[in-house]
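Chemist:
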Amino acid sequence: MPARVLNQPGDHRIALPEVTLVAVSDVAILATDRALAISQQGLRFADALLLTSREAPPSLRTKSRRIAPIGSREAYSRFMVHDLHRHIGTSHALCVQWDGYVLDPARWEPAFLEYDYIGAPWPHFGDAMRVGNGGFSLRSRRLLEACATLEIGREAEDVAICRTHRRVLEQDFGLRFAPEDVAHRFAFERAASRGDEFGFHGAFNMVGRMPAADLADVLAGLEPGLLNRREHREILGQAMRRGDLRLAWVVWQRLRHPAARQR
Numbered sequence: 118m119p120a121r122v123l124n125q126p127g128d129h130r131i132a133l134p135e136v137t138l139v140a141v142s143d144v145a146i147l148a149t150d151r152a153l154a155i156s157q158q159g160l161r162f163a164d165a166l167l168l169t170s171r172e173a174p175p176s177l178r179t180k181s182r183r184i185a186p187i188g189s190r191e192a193y194s195r196f197m198v199h200d201l202h203r204h205i206g207t208s209h210a211l212c213v214q215w216d217g218y219v220l221d222p223a224r225w226e227p228a229f230l231e232y233d234y235i236g237a238p239w240p241h242f243g244d245a246m247r248v249g250n251g252g253f254s255l256r257s258r259r260l261l262e263a264c265a266t267l268e269i270g271r272e273a274e275d276v277a278i279c280r281t282h283r284r285v286l287e288q289d290f291g292l293r294f295a296p297e298d299v300a301h302r303f304a305f306e307r308a309a310s311r312g313d314e315f316g317f318h319g320a321f322n323m324v325g326r327m328p329a330a331d332l333a334d335v336l337a338g339l340e341p342g343l344l345n346r347r348e349h350r351e352i353l354g355q356a357m358r359r360g361d362l363r364l365a366w367v368v369w370q371r372l373r374h375p376a377a378r379q380r
């Protein structure tokens with residue numbers, strides 16, 4: 118089935134009236150706003166929201182809505198599992214982060230909406246529960262409402278949904294997780310890109326997919342402890358291989374910060 122296009126003069130973006138574009142963050146606000154803006158370049162969503170406890174800077178392009186502070190990764194996971202459903206009025210939500218957003222809007226498939234959860238497959242798991250990463254993910258409102266009933270521990274919210282509680286969500290709520298072949302077309306993260314994905318997640322995947330100077334500026338503006346040492350080293354290695362000394366210098370300076378060394 119072909120994707121629908123808005124019938125408005127000069128606007129040829131694909132219309133997704135069933136989908137709310139959303140990001141939840143108290144960090145990397147400007148970089149998150151950038152990801153939201155890029156994701157809307159070829160797609161028109163029913164709504165686009167940045168959920169944050171922070172006061173919106175004047176340059177913010179996305180509508181923001183104030184929420185309680187998200188002070189830790191555990192607090193982020195609790196919000197995504199228990200509270201996100203309160204802010205979504207459409208059948209689905211496309212969840213993005215500062216380092217995970219739409220790469221190619223033409224790769225959107227209406228069939229994605231047949232599933233309750235799609236995220237990039239995790240290659241490091243060897244079982245049938247490898248879908249998937251939550252940093253760039255499509256979730257149905259049915260799934261969000263079901264998740265609100267779950268108890269979660271300290272695990273990441275995508276692991277809680279897609280592994281810890283997946284069987285309950287499938288068997289008790291009748292929810293559908295996308296098969297891996299669909300998830301591979303939807304996005305990539307730790308698995309190698311196939312070149313035809315709708316979106317991606319991971320700061321290490323941004324190297325070569327945006328101008329190096331822009332990436333250096335984005336990284337320089339992030340809070341010191343936002344990326345862990347592994348992520349810094351992955352970006353640094355790619356910058357060195359490309360001979361991008363400015364980007365390498367920015368990453369090296371971040372690695373030397375005490376907050377980065379703690380992660």
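According to the numbering used here, the sequence shown holds residues 118 to 380 in order.
Think of the CB as a built atom: it goes at the ideal place given N, C-alpha and C, for glycine as much as any other residue.
Across which residues does DSSP place residue 255 in a beta bridge pair?
Modeler: 211, 235
Chemist: Just to confirm before moving on: does the CB-CB distance between residue 155 and residue 170 stay below 8 Å?
Modeler: no
Chemist: First and last residue of the alpha helix (DSSP H) that includes residue 368?
Modeler: 362-373
Chemist: Residue range of the beta strand (DSSP E) that residue 149 falls in?
Modeler: Where residue 149 is concerned, there is no enclosing beta strand (DSSP E), although the alpha helix (DSSP H) it sits in stretches over 146-156.
Chemist: I'd like the list of long-range same chain contacts for residue 340, defined as Cβ closer than 6 Å, with 5 residues on each side in sequence excluded.
Modeler: Once the five neighbours on either side are set aside, the close Cβ partners of residue 340 are 144.
Chemist: Is any heavy atom of the ligand PLP found at a distance shorter than 7 Å from the C-beta of residue 192?
Modeler: Ligands displayed in this structure: none; no statement on the ligand PLP is therefore possible.
Chemist: Give the single residue among 268, 325, 317 whose Cα lies nearest to the Cα of residue 239.
Modeler: 317
Chemist: In whole angstroms, what is the alpha-carbon distance linking residue 119 and residue 363?
Modeler: In this prediction, residue 119 scores a pLDDT of 37, lower than 50, which makes its location untrustworthy; the coordinate-derived value is nonetheless stated afterwards. Computed Cα separation, rounded: 43 Å.
Chemist: Would you tell me roughly how many angstroms separate the C-alpha atoms of residue 174 and residue 236, rounded to the nearest one?
Modeler: 30 Å
Chemist: Beta carbon of residue 207, beta carbon of residue 258: below 8 Å?
Modeler: yes
Chemist: Could you check the C-alpha separation between residue 274 and residue 215 for me, to the nearest Å?
Modeler: A direct Cα-Cα distance of roughly 17 Å separates residue 274 from residue 215.
Chemist: Whose C-alpha, out of 131, 149, 286, 135, is nearest the C-alpha of residue 319?
Modeler: 149
Chemist: For the pair the stretch 281-297 and the stretch 261-273, tell me if three or more CB-CB distances fall below 8 Å.
Modeler: yes
Chemist: Does residue 153 pass the burial test, meaning 16 or more other C-beta atoms within 10 Å, or should it be called exposed?
Modeler: Residue 153 comes out buried.
Chemist: Leaving out five residues before and five after residue 190 in sequence, what residues of the same chain have Cβ atoms less than 8 Å from its Cβ?
Modeler: 273
Chemist: Considering only the alpha carbon of each residue, which of 220, 315, 366, 305 lies closest to residue 250?
Modeler: Nearest C-alpha to residue 250: 305.
Chemist: For residue 267, which option in 167, 373, 194 has the closest C-alpha, if you only look at C-alpha atoms?
Modeler: 194
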